[in-house]
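Visitor: Have a look at this one before I ask anything.
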Amino acid sequence: MTLVEHLTELRRRLIISAIAITVGAIVGFILYSPILGFLSGPYHSITHGQKLIVTDPLEAFATRLKIAAWSGLFFASPVVLWQLWRFITPGLNPKEKRYAIPFIVASVLLFLMGAAVALLTLQPALQFLQAVGGHNLATYYRAGPYLSLVMLMIVAFGVAFEFPILLVCLELAGVVPSAKLRKWRRPAIVIIVAVAAVITPSQDPYSLFAMAIPMYIFYEGSILVGRILKK
């Protein structure tokens with residue numbers, strides 16, 4: 282394909298992805314109430330049903346748009362990944378094509394696993410943050426900052442759970458052999474804990490260990506998977 286043909290193909294894939302995200306956002310806008318109720322679950326648990334508050338006339342509408350936007354990205358992610366796959370397929374050799382689909386499927390599943398861990402960790406994280414403030418503070422969270430924290434937690438954990446994909450890719454490319462990863466176990470533990478401490482938005486110990494422990498398990502699993510795939 283010529284450069285113009287590549288750009289035309291890219292534009293077509295981007296348009297399809299944008300349409301899918303728009304449709305997903307419309308669905309998210311319509312399903313706003315159940316989505317908000319689901320995301321507010323950890324907050325309701327620690328406040329015994331207390332509702333999120335808004336302190337700005339525009340905040341309620343902005344909250345609905347925020348949920349619609351994130352929902353659009355979530356619902357459209359299979360279509361976007363498929364369009365990405367179809368765009369890069371012509372440039373892959375047969376061996377790379379054989380690995381591509383398993384890697385994409387594993388990436389989606391790992392991201393969803395990370396999102397699930399983030400939501401499960403959120404309640405004890407909120408309880409810790411509330412306890413740190415002391416008993417003289419009443420807990421009334423604004424909808425905007427709370428939802429931003431939830432989304433950042435989901436993204437942070439989802440991206441962190443992609444860690445084994447990166448390691449396996451580096452092993453297959455010969456950049457980091459499995460033997461080196463085995464030798465780097467001790468410094469890897471320190472680095473993983475430090476990274477988890479930095480990228481967890483809530484900065485609480487529950488989130489830190491909920492991210493660091495799976496990442497180290499993934500580190501060990503990546504060594505095994507990399508050795509199997511290199512055979």
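Anchor point for the sequence shown: position 78 equals 359 in the numbering used here, and the numbering is continuous, going up by one each time. Even for Gly, the Cβ is constructed at its ideal location relative to N, Cα and C.
Could you tell me which residues DSSP pairs with ILE494 in its beta bridges?
Guide: In the sequence shown, residue 494 corresponds to position 213, counting from 1. DSSP lists no partner for ILE494.
Visitor: For ILE480, list the residues DSSP reports as bridge partners.
Guide: For the purposes of this step, residue 480 is taken as residue 199 along the sequence shown, with counting starting at 1. In the DSSP output, where bridge partners are listed per residue, ILE480 has none listed.
Visitor: Taking 7 Å as the threshold (C-beta atoms), are ALA491 and THR370 in contact?
Guide: Translated into the one-based positions of the sequence shown, residue 370 becomes position 89. Translated into the one-based positions of the sequence shown, residue 491 becomes position 210. Not a contact, by the Cβ cut-off of 7 Å.
Visitor: When DSSP builds the beta bridges, which residues end up paired with ILE334?
Guide: On the sequence shown, residue 334 is found 53 positions in, with the first residue counted as 1. In the DSSP output, where bridge partners are listed per residue, ILE334 has ARG423.
Visitor: Please tell me whether ILE296 and ILE316 are closer than 7 Å, where the distance is taken between their beta carbons.
Guide: Within the sequence shown, numbered from 1, the residue matching residue 296 stands at position 15. Within the sequence shown, numbered from 1, the residue matching residue 316 stands at position 35. Contact flag unset, no.
Visitor: ALA350 to ILE300, Cα distance in whole Å?
Guide: Counting from one through the sequence shown, the residue named residue 350 turns up at place 69. Counting from one through the sequence shown, the residue named residue 300 turns up at place 19. Each residue's alpha carbon lies about 13 Å from the other.
Visitor: Whole angstroms are fine: how far does the CA of ASP485 sit from the CA of VAL398?
Guide: Reading the sequence shown from its first residue, position 117 is the one you call residue 398. Reading the sequence shown from its first residue, position 204 is the one you call residue 485. Answer to the nearest angstrom: the Cα atoms are 14 Å apart.
Visitor: Among SER352, PHE355, ILE385, ALA437, whose alpha-carbon lies nearest the alpha-carbon of TRP366?
Guide: Here residue 366 refers to the residue found at position 85 of the sequence shown. Among SER352, PHE355, ILE385, ALA437, the Cα nearest to that of TRP366 belongs to ILE385.
Visitor: Between MET432, ALA387, PHE409, which lies nearest to VAL449 when the distance is taken from Cα to Cα?
Guide: In the sequence shown, the residue the question calls residue 449 occupies position 168. Nearest C-alpha to VAL449: ALA387.
Visitor: Looking at ALA424 and VAL335, is the spacing between their C-beta atoms short of 7 Å?
Guide: As a first step, residue 335 is located in the sequence shown; it is residue number 54 there, counting from the start. As a first step, residue 424 is located in the sequence shown; it is residue number 143 there, counting from the start. In contact: VAL335 and ALA424 (Cβ atoms closer than 7 Å).
Visitor: Would you mind reading off the limits of the alpha helix (DSSP H) that contains GLY353?
Guide: Along the sequence shown, read from residue 1 onward, the residue named residue 353 stands at position 72. Note, GLY353: alpha helix (DSSP H), 340-369.
Visitor: Thinking just about the alpha-carbon of each residue, which of HIS287, ALA381, ILE302 is nearest to the one in SER358?
Guide: Translated into positions along the sequence shown, residue 358 becomes position 77. Of the candidates HIS287, ALA381, ILE302, the one whose C-alpha sits nearest the C-alpha of SER358 is ILE302.
Visitor: To the nearest angstrom, how far is the alpha carbon of ILE504 from that of ILE473?
Guide: In the sequence shown, residue 504 corresponds to position 223, counting from 1. In the sequence shown, residue 473 corresponds to position 192, counting from 1. Cα-Cα distance, rounded: 15 Å.
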